[in-house]
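Notes for the one structure printed next.
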Ligand SMILES: [Zn+2]
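In this note's numbering, the protein residues as written are -12 to 67.
Here it is, written out as structure tokens:
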């Protein structure tokens, strides 16, 4: 009757609670993404995406800067 349920816990010794990191969605970029954006916003820029069908786009720091630059109407870079 006593099944070794516990054994299933040990089946996967590599299973750890690693926080999933998103990678930048810009074509040719494999840096860790800092933030995610609506694809609408990103499609207004010159950035080329790995997956144009995605709903949200993850951008690394560098590409976030570019997005900010190219969408300065929406995201003010500076005031005044
Ligand atoms: Zn990037």
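The beta-carbon is built from N, C-alpha and C at its ideal position, and this holds for glycine as well.
Computed from a prediction, not measured in an experiment: that's the story for all the values here.
### Query
Using the rule of at least 16 other Cβ atoms within 10 Å of the residue's Cβ for burial, across every protein chain shown, is residue 40 buried or exposed?
exposed
### Message
According to DSSP, simplified to helix, strand and coil, what is residue 29?
### Response
helix
### Query
Whose CB is closer than 7 Å to a heavy atom of ligand 2? List the residues in chain order.
Of the ligands one can find in the structure shown, namely ligand 1, none is ligand 2.
### Task
Any chance you could list the alpha helix (DSSP H) runs of at least 4 consecutive residues sitting entirely within the stretch 10 to 58, in chain order?
26 to 30, 48 to 57
### Query
Is the beta carbon of residue 45 sitting closer than 8 Å to the one on residue 23?
Against a cut-off of 8 Å, the Cβ pair of residue 23 and residue 45 comes out as a contact.
### Task
Can you have a look at residue 19 and say buried or exposed, based on whether 16 or more other CB atoms are within 10 angstroms of its CB?
exposed
### Query
Going by C-alpha distance, which of 13, 8, 9 is nearest residue 53?
Ranking 13, 8, 9 by CA distance to the CA of residue 53 puts 13 first.
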